[in-house]
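Numbering-wise, the sequence shown is residues 1 to 67 according to the UniProt record's numbering.
For reference, the structure discussed in these notes is given below.
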Amino acid sequence: MLLTLDCFEILKVLGKGGYDKVFLVQKKTGNDTNKVFAMKVLNKASGVFTGWGGTRYRGLVFFYYFG
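As structure tokens, this is what we get:
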């Protein structure tokens with residue numbers, strides 16, 4: 001299953017930094033519906049990140065589960 005930002009509802013902003021923002025989100029679809037996660041979005045305008053397989057991204061998203 002491919003996760004997109006549409007799979008989550010943003011509940012509130014937990015914090016902001018120079019290159020990132022952390023949101024409290026709730027999953028809307030799938031087996032773990034209604035579970036709460038922290039979503040960290042890295043977005044550094046001056047850099048491009050290289051991901052798995054050499055794919056290049058301008059921003060990265062990380063999820064942390066509060067179980």
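Yeah, the Cβ is synthetic: ideal placement off N, Cα and C, and Gly gets one too.
Quick caveat: nothing in here was measured; it's all calculated off a predicted structure.
Distance CB(residue i)-CB(residue j) smaller than 7 Å
i     : j     : result
ALA38 : VAL22 : yes
GLU9  : LYS28 : yes
LEU5  : GLN26 : no
Inter-residue Cα distance where the pair is residue i and residue j
i     : j     : result
GLY17 : LEU24 : 15 Å
ASP32 : CYS7  : 11 Å
VAL41 : TYR65 : 15 Å
PHE63 : TYR19 : 16 Å
Segment limits, beta strand (DSSP E) that includes residue i
i           : result
residue 100 : In the structure as shown, the chain begins at 1 and stops at 67. Residue 100 is therefore absent and cannot be evaluated.
ASP32       : From DSSP, ASP32 is part of no beta strand (DSSP E); its letter is neither H nor E.
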